[in-house]
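Each remark here refers to the structure printed beneath this line.
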Amino acid sequence: MKDFPAIKIALLFVLGILSEKLISIPFEHFFLLAGLLFLLLVVVRKEKQKVSYKLSTSIVAAILVIMAGNLIIQTNKREINSSLNKIYKAKNITIKGEVAKIDLKRENELVFYTITDSIISEEFFVSGKVKLLCKFRDEIENINKLNQLLKPGNKVTLNGIYYKGREKRNPGEFDYNDYLQSKGITAILLIDTISNVLISADEINFVKNTIHQVRKSIDSQIREIHSPQTAALLRGLILADRREIDYETKNNFINAGVIHVLAVSGLHVGYIVLIFFLLFGRFNLFLRSILTIVGLICFMLITGVPPSVFRATLMATILIITFLLNRSTNLINSIAIAALIILSFDPNEIYNPGFQLSFAAVLSIAIIYPVIERFISNFSIENNFIKYTILFMAVSLSAQIGTFPFTLFYFNKFSSIALFTNLIVIPAIGIIIGVAFFTLAVSVVLPFLASYFGAANDLITTLIIDIIHFSGSLDFSHIVVNQYSIVDVFVFYLFIAIFLSSLFYFKKFIPKILLTTIIAVNIFLFSSFDDEELMPDNYLIIFMIDVGQGDSFLIKFPDGKTALIDAGNTTFYFDNGERVILPLLNYLGIKNIDYAFVSHIDSDHYAGFVSLVLEKKIGAIFKPEIDTSLSKDVRFENFLNNFKIPVRYYTTKSLNIGDVKVYFLNYDEFIGSTELETNNRSGVIKITYGDRSFLFTGDLEKKAEEEYLFKYRDFLDSDVLKVSHHGSKTSTSEKFISYVKPDISLVSAGMNNSFGHPADEVLYKLKKHDSKILRTDLNRAILLRTDGKKIEIVNWNNQ
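Mapped onto the working numbering, the consecutive letters of the sequence shown carry residue numbers -19 to 779.
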C-alpha cells in the first residue's frame, strides 16, 4: 500500500463518512481532539524514539482523516425541516422560491427543482430554504410552453399538491423517499395546470441556463432526426437522461449484463476522447490534447456532471497531462484522488449507486486486470485477433468482478452471458455514439443529410436492441439472487482482497485452484448468514402488500405453491406490478405465481397483473366471467389470451391446494351475474387451513353482502377478514361483521387517500366487535402466518 498513498487516505475518508451513521463528532470536539492528538505527537517526539514517533504520526494522521470524513458529511448533511417531517401529503400548497435545475422534457411531464423561500398552506407556514422536486403534468401544449418559458434562476410562485416520496413499504422495495432525502430533496410538488405556475421575476442563472439550453437543443435535434427508440437511447448515452428508455428495454439490458452502457461513464468518456483526438487530428499534439480536455469538460457539463462522468473526465485529464509532461501516472492513485474530490464536495455520493458502480468497476480493472493479463500471457497466444479478444473479455470480466456485489444488491440479478454480449454491445455503443456526434454536427449545416445518418443510426440501434432483447430473454441469461445485503457486499470484497493477496504466495497452479475454490465456497456460505426466511414452508402465509390505494395479497401455501389475489393499480407514472410486487417476489425468492385471482375489473385491483404477465410470472388467472359491455374487461382478456395465460372463471365451487381449501363463494349464477355492478361481482374467496380461515371480499358493497348473508350465513365466519372496498362506508355492514366475527381485519388503503378510506364508521364497527385492525396506510405491508392452529403477525420491518 506504500505505493498508493491516495488510496489509503480515500479509504480512511470513506470510513469516516460511513462512521457518521454510528457516531457524530461535534464540530468543537473535532478541534479539541485534534489538538490533543498533536500534543501527543509533541510528547512522543520529545522522547526521541524514531519508531514510536513514526507510528504515532501515522495513527494520528489516520484518525484525523477519519474524523474529517465524519465532520464533512455532517456539514453537508441535508436536514429536513422539522415542521415538514410529519407531513406526508397536503393539498393546495403555495411555494415561493427559485428554480435551481430543470430536467429535459418528457412527453407527459416537465420536472424541475426549486429552492423555496416559503411554503404556505391553510395548516402551516414554513420559511427558509427547502429543496423540492416539482412535477408539472398538463396537456402537451402547456408542457411545451412551460419548457420554453422556464429557466434556471427564475423566481417562481407555484401551487400544487405537496407529498413525500414513497418509502419502503414492502420487503425488497426501493425507498424513494430516502433516495430523495440523500439528494437534499424534502418532498415533491405536483402541479397540474399552467395557471399554477407564475414566473414572478425573470432572473436567470447564466451558467446553468447556458448548459440547460445546450442540453435542450441537443435533445431537440436527437428527437427530430432519430426514431423514438434511438432518441431514448441517445438521450441516455449523450445527455445522461435514461427516463425515456422503457422498462422492458432496461430489464433486457440488465439480464444481458450490459446495463452499464446506459450509465455515462469511463466507457463513454473514452469514446469521446477518441472522437476529439480524431476531430483535432490536424493540430499538433499539445494543442490537440488541450482541445480534447476542453471538449471533455464541455461533455461533462452537458451530461449534468454525474459522479461517473466527473471521475472519468478527471482521470482522462490527468492521463493526458502526464502524457504531455512525459511523466508516469499511477492509475489507482488517480482513482482515489477522483473519489476524494467528489466526496469532499458531496460526501452523500458514497450512497449513490452510480458512484459505487463506477468506482468499483474502474478500481477492479486497475487491480484485477493485470492479474488476469499475466495469467493469459503464460499461454503465448500468437494470433493477435484471438489475443486481443481475450484481453478485451478480461477487461470486461475484471469490471464485472468489481461491480458484482453492487449489481446483486441493486438489481438482484447476475448475468451469465455478460462476457459474450459485451463483446458485441461495447463496440456497437462506440459506433452509435460516434455516428450520433457526427449526425448532430452535420445537422447544423446540412439538416437533410443528417436525416440519412440518423436513419443509419436507427438501423444500428434497432439491431443492437434486438440482440440485447433476444439475449436477455433467454432462460439462462441471468440468475436471480434474493436478499443480497450490504453485509454480503462487504464479505465479497473481503474475500476478494484475501484472494488477491494470497495469489502472490502460491507459485503452482493446483494451490491457486484450491484457493479459488475455498474463497468461492466461503463467499457463498457467509453471504447467506444474514438472510431472513419470511415465508417458510409448512405454513399458510398471507401477505397484504402495500400497493397504495388498491388491493394485493400474496399467499404461500404449506406445500410451497403461491397465489396472488389482485395486483394493485398501474398508471403512466407508477406501476405496482413493476415497482412493488416484482421486487417483493425477487426478495422472497418466488419465481412464479401458480394461481392469480382477479377480484374484479377495476384498475386498482387488476392493472398490476400486466407487468407480471410480461415478466412470465403468472401461471393461471381466475376472474369473474367476462362482461362484454366493459371494454377494459375485453381488452384484459385479449391481453391474457395473447400471452397464452389460462383464464378460469369463478364458476367452480372450490379448489384444493395441498391441505388448504379455497372456496369461491360467488360461483352461484345470480351472485356472479353480469347485471350487477363491477364491485358487487367481486370474487369472494374463503381460504381454510386447519382451524383457521380467511375471507377476501374484493370491493363488495352492502347490497351484495345481503345476498351472501342470505346464502352462506354462518359459513362466512372467519378468523381474518379482508375489509371490503378499502374500508369504504358503502361496504362492511354491522350485520355482515356480526356473521364473519373476525379476530383480525385487514384494510388495504393508500396513505392520505382522497376517498377518506377507511371510513371512521367502518373502523368503529370493527372495533365494536373487538377485531384487531391492521392497515397498510398506517402499518405498511402486513404479514400473517398460521400453522392451522394459531395466527401470528410477523414483524417483517423490525418496527
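Ideal Cβ positions, reconstructed from N, Cα and C, are used throughout, including at glycine. Everything numeric in this text was worked out from a predicted model, so none of it was measured.
DSSP three-state assignment for residue i, whether helix, strand or coil
i	result
W776	coil
R760	coil
F260	coil
T55	helix
G652	Because the pLDDT at G652 is just 48, under 50, the model does not fix this residue reliably, and the value given afterwards should be weighed accordingly. DSSP places G652 in coil when its eight states are reduced to three.
L(-9)	helix
S431	helix
K115	strand
L675	strand
I99	strand
N518	coil
E657	coil
Y142	strand
L214	helix
E183	coil
R765	strand
I191	helix
S609	coil
S4	coil
V110	coil
G736	coil
M295	helix
Residue j beta carbon less than 8 Å from that of residue i
i	j	result
A316	Y349	no
I682	S711	Before going further, note that residue 682 is Lys rather than Ile in the sequence given. Cβ distance < 8 Å, so K682 and S711 count as in contact.
F(-7)	V40	no
I205	G410	no
G237	N462	no
L169	Y142	yes
I573	K597	yes
M280	V274	no
L680	L701	no
G548	G530	yes
A416	L247	no
A318	L343	no
R672	D699	yes
F456	S396	yes
L242	I255	no
H458	K541	no
Range of the contiguous alpha helix (DSSP H) that encloses residue i
i	result
K748	D740 to K748
A379	N364 to F391
F325	L311 to F325
N127	I120 to L129
S269	L265 to T283
Unbroken beta strand (DSSP E) run spanning residue i, endpoints
i	result
R354	R354 -> not in any beta strand (DSSP E); alpha helix (DSSP H) instead, spanning P333 to S357.
F418	F418 -> not in any beta strand (DSSP E); alpha helix (DSSP H) instead, spanning A398 to V425.
T668	I665 to Y669
H458	H458 to V460
R755	K752 to R755
F533	F533 to K536
Closest Cα partner of residue i within the set the options
i	options	result
S269	I282, V285, I298 and P287	I298
I724	S314, I535, M524 and D574	M524
Q161	D582, N328, S395 and L(-2)	N328
I404	K188, Y669 and S376	S376
Y390	V79, G152 and N176	G152
N124	L112, S200 and K111	S200
I448	L267, N232, L(-2) and Y142	N232
G145	L320, K596, V136 and N157	N157
L311	N176, I322 and F339	F339
L(-2)	M47, T37, P(-15) and K(-12)	M47
E78	L138, E89, Y567 and N56	L138
R755	C114, S662, K85 and D526	D526
V642	M515, D172 and F537	F537
L320	H706, P(-15) and N122	P(-15)
K612	D584, T632, I625 and T631	D584
E102	N264, N72 and I771	N72
Y432	I444, L443 and T419	T419
I352	G334, F365, L371 and I366	L371
Any non-hydrogen atom of the ligand ADP within 7 Å of residue i CB
i	result
V471	You won't find the ligand ADP in this model; it holds no ligand whatsoever.
Any chain C beta carbon closer than 8 Å to residue i
i	result
P407	Looking for chain C here will not work: only one protein chain is present.
Original post:
Can you list the beta strand (DSSP E) stretches of 3 or more residues lying completely in the segment 539 to 624, in chain order?
Top reply: 542 to 545, 573 to 577 and 598 to 603
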